[in-house]
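Numbering (this note's numbering), first residue to last: 195 to 297. Virtual Cβ for every residue (Gly too), placed ideally from N, Cα, C. Fair warning: this is a prediction, and the values are worked out from it, not measured in the lab.
Here it is in structure tokens:
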């Protein structure tokens with residue numbers, strides 16, 4: 195689960211401590227579940243986005259940024275073994291997903 199490092203002071207001595215922030219993991223799970231519900235309901239796939247939320251601050255008005263496929267080739271979506279396993283499980287739909295995420 196997520197955590198945050200806080201700098202605390204005990205008198206003149208500074209101490210760093212990690213504070214668990216389990217609600218970060220919960221929010222990620224809720225967002226994933228919402229996407230699964232949209233997918234199972236047959237809604238069209240939306241372009242790939244990156245969502246950033248700082249749970250220690252008020253929500254901003256803009257949370258999603260367009261996200262292109264990683265061009266360095268380090269993304270698992272570019273790995274030949276991953277693509278082969280995906281195609282065995284789901285068929286050739288991987289090409290459709292690649293086209294959407296590259297947009």
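Delimiting residues of the alpha helix (DSSP H) encompassing residue i
| i | result |
| --- | --- |
| residue 231 | 216–234 |
| residue 276 | 274–284 |
8 Å Cβ cutoff met for residue i and residue j
| i | j | result |
| --- | --- | --- |
| residue 244 | residue 263 | no |
Residues bridged to residue i (per DSSP)
| i | result |
| --- | --- |
| residue 260 | 243 |
| residue 200 | 211 |
Can at least three beta-carbon pairs, one atom from the region 238–254 and one from the region 206–223, be found at a separation below 8 Å?
yes
Mind the definition here: the region 221–238 touches the region 199–213 only if three or more C-beta pairs lie below 8 Å; say whether that holds.
no
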